[in-house]
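One point on numbering: in my numbering, the residue at position 249 of the sequence shown is 1017, and numbering is uninterrupted. All residues carry an ideal CB built from backbone N, CA and C; glycine is no exception. Being a predicted model, the structure only gives us computed values, none of them experimental.
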Amino acid sequence: MLSVLPVTGNIGAFVEGVDLASEVDETLAEALRQALWTHQVLFFRDQFLDIANLKRVTTRFGPLQRLPYVEAMPDDPDVIGVAKKATDRKVAVFGGNWHSDFSFLGHPPAGSLLTAIEVPEVGGDTVWSNQTAAYETLPDDLKNIVDGRAAIHVGKPHGVKFAPKGRQRSTIKMVRNDPEADRETFHPAVRKHPETGRKSLFLNPVYTARLDGMSEAESAPVLDRLYWHATRPEFCCRHRWQAGDLVIWDNRSTLHFAVNDYDGHDRLLYRTTFSDDHPPRG
Ligand code: OGA
Ligand code: MN
């Protein structure tokens, strides 16, 4: 029996009674999609999916989406290994600040999946924040600024203009200094979810360069206030990983953050990404 158990009052649910490695029929797939649109992040324990099953489960949520600027697994362009070794000390982790995945693409992913292969004894949690709740509780002055406005996203860590200085070592290999990644993409600051019709904030400190109609300098303090609100603990849930976990999130209505507090421990997860029919719409 499928059961969906919320982990907080605002976001995240554990799903029990499902073996994703066996056939997921259409009835179950539809129940899981509805649970995802409702809870935004789903946690499954003890799934131990291999790559083939991870990809098969992914396609029940949407078509597999390949991502630029990151190195995929050598033998599979649909899968990324997110890896930090015990010997990787003081390195940046992939996703180590609030973001939605690849929001700078013209067509950002609808969602992502991570399956845990090896996890640290302590630390290495991931945190998600509900951007629908964040939008719905915005103070009026901020709501007035973001409603009907676009924001400009750029592939900051990958491009030339905004690239972090110095040599970068990270949990995945990333392409840097690609002028293509400096291209500006306009997305609505408030987007309507194609499945639920609910509006959510679609801004993040990694890829959002500025709000349309404002300079970077004018945007910065406004964006800071928006991010402060958007990541309040009451909108968040935090996952303590166990090997065999599968986590799925809705990339259209959440932000997430990889907590980098496990130097000296190995961590390895495999991730896939799925797309939807259209780019963000206001
Ligand atoms: C990602 C990501 C979070 C983590 O794979 O997109 O942000 O905790 N990962 O590794
Ligand atoms: Mn991410």
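Item                                                                                                           : Value
Residues sharing a beta bridge with Thr1040, DSSP                                                              : Leu881
Sequence-distant residues of its chain with Cβ nearer than 6 Å to Trp805 (five each side left out)             : Glu963 and Thr964
The stretch 988 to 1005 in contact with the stretch 787 to 798 per 3-pair CB rule at 8 Å                       : no
Contact with chain C by Pro947, beta-carbon distance below 9 Å                                                 : No chain C is part of this structure, which consists of one protein chain only.
Phe1025 vs Thr894 beta-carbon contact at 9 Å                                                                   : yes
Near the ligand MN: Phe970 beta-carbon under 8 Å from a heavy atom                                             : no
Burial state of Gly927 (16 or more Cβ within 10 Å)                                                             : buried
For Arg944 and Ala931, the rounded distance between their alpha carbons                                        : 7 Å
Arg1020 CB to nearest heavy atom of the ligand OGA below 8 Å                                                   : no
Cβ pair Asn898, Pro973 closer than 9 Å                                                                         : no
Contact set, the ligand OGA heavy atom to C-beta under 6 Å                                                     : Val850, Phe862, Gly863, Asp869, Ser880, Leu882, Thr894, His1024, Ala1026, Leu1037 and Arg1039
Thr855 burial status per 10 Å Cβ neighbour count (16 or more: buried)                                          : exposed
The alpha helix (DSSP H) enclosing Lys960, as first and last residue numbers                                   : Counting along the chain, Lys960 falls outside any alpha helix (DSSP H), though it belongs to the beta strand (DSSP E) covering Val958 to Lys960.
Closer than 8 Å: His926 CB and nearest the ligand MN heavy atom                                                : no
Counted within 10 angstroms of its Cβ, other Cβ atoms place Phe954 as buried (16 or more) or exposed           : exposed
Assigned secondary structure, Asp1057 (DSSP; H/G/I helix, E/B strand, else coil)                               : Nothing about residue 1057 can be read from this structure; the chain reaches only from 769 to 1050.
DSSP beta-bridge partners of Val847                                                                            : Answer is none; Val847 lacks a bridge partner.
Paired residues, beta bridge with His1007 - DSSP                                                               : Thr894
Distance cut-off 8 Å: His867 Cβ against heavy atoms of the ligand MN                                           : yes
Reference Ile1016, options Gln802, Ser790, Gly777 and Met769, closest by Cα                                    : Gln802
Where Pro745 falls: helix, strand or coil (DSSP)                                                               : Nothing can be reported for residue 745: it is not among the residues displayed for the chain, which extend from 769 to 1050.
Straight-line gap, Asp946 to Ile848 (C-alpha atoms, nearest Å)                                                 : 20 Å
Rounded distance between the beta-carbons of Arg1039 and Gly892, thought under 8 Å                             : That belief does not hold up - the Cβ atoms of Gly892 and Arg1039 are roughly 14 Å apart, past 8 Å.
CB of Phe872 within 9 Å of CB of Gly923, strictly                                                              : yes
Touching by the beta-carbon criterion (3+ pairs, under 8 Å), the stretch 901 to 918 and the stretch 974 to 987 : yes
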